[in-house]
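See below for the structure under consideration.
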Amino acid sequence: MIKGVKILNDLQNLFFPNTCLGCSEIIGFNDAVLCVSCRHQLPLTQFINENDNLTEKFLYGRIKIENAASFIRYYKKGISKQLIHHLKYKGHQEIGTMFGKWVGHEILVSNRFKNIDYVIPVPLHKKKLKERGYNQVSNFGIEIANCIDAIYSEEIVSNVKYSKTHTSKNRNQRALSIGNQFLYNKNIPLNNKHILIVDDVITTGATLESCVRAFPKELNIKFSIITIAITS
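Under our numbering, the residue at position 152 of the sequence shown is numbered 158, and the numbers go up by one with no gaps.
Right, dumping it as structure tokens:
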């Protein structure tokens, strides 16, 4: 049986070889996303261990957070843009899985992001979810929750306002289009809980700000935020 599985895997690698999503070179491991070279080229930030990092500064004076971080820098050209594009539009959810496991491990050995009860992704509107077929940060959040022994949930907050991409909008335009976009599910008791919100890219922080503001202040919820990338 084991020999038969090996033969099938060998045939699959022969006719459908696994390729690096960064450079398209053939890589030997079926579950690998990047080759060693591309992995080393990732523009990592070290924000998970850094107080007052750029992600936190994006949100200063807007919402109260415990900790915030972004794992890589997003550039208009290069591997970070390519990976986010593959994750968001090409169905490569394994990218979210890779980053989720990586970030989860980094949190475990960090002095920050402690005592998190829930991990939730920034939700997509049901129309956009149907168009795309998946939330691009679901796997990212699931893997982080698994690593830190938190509860992952997509039922806590919903997106009630359909909008097209915000890529070309400035901060004020984003804030106007995103206002009142999210709705908190009152059937889930969250008093005094610590929630980690995850997203793919932080550009102005307007989406994350709107998501946090969906929760009533009287619940006394603590919020932390992690994104895969931050624009530079």
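We treat Cβ as the ideally placed atom computed from N, Cα and C, and that holds for glycine.
In this structure, the beta-carbon distance from P129 to N165 falls below 8 Å. In the DSSP assignment, the residues bridged to S164 are L189.
In the three-state reduction of the DSSP assignment, F64 falls in the helix class, which pools H, G and I. Assignment of H111 by DSSP, reduced to helix, strand and coil, places it in the helix class. Fully enclosed alpha helix (DSSP H) runs of no fewer than 4 residues occupy 85-95, 100-114, 132-138 and 144-154 of the region 72-156, in order along the chain. When DSSP states are grouped into helix, strand and coil, K199 belongs to the coil group. Note on geometry: alpha-carbon atoms of V207 and L93 lie some 11 Å from one another. Under the three-state reduction of DSSP output, I54 falls in the helix class.
Annotated three-state conformation of T213 is helix, per DSSP. Apart from sequence neighbours up to five positions away, the residues of its chain that approach N117 with a beta-carbon distance below 8 Å are N55, ordered along the chain. About 16 Å separates the beta carbon of S144 from that of F188, a gap too long to meet the 8 Å contact definition.
Taking the C-beta atoms as reference points, V115 is found no nearer than 8 Å to I150. In terms of CA proximity to I101, L40 leads the group K70, L40 and N193.
The alpha-carbon of H46 is positioned some 42 Å away from that of L225. As the crow flies, the alpha-carbon of G110 is around 14 Å from that of I78.
For S43, the secondary structure class from DSSP, reduced to helix, strand or coil, is helix. The closest CA to that of T237, considering only G106, C153, I162 and L60, is found on L60. For A220, there is no enclosing beta strand (DSSP E), as DSSP marks it with neither H nor E. DSSP places K228 in the uninterrupted beta strand (DSSP E) bounded by K228 to T237. Cβ-Cβ distances below 8 Å link S86 to L48, P49, I78, R79, Y80 and A235 in the same chain, with the five nearest sequence neighbours on each side left out; the list follows chain order. Residue environment analysis places Q52 among the exposed positions, since fewer than 16 neighbouring C-beta atoms fall within 10 angstroms of its C-beta.
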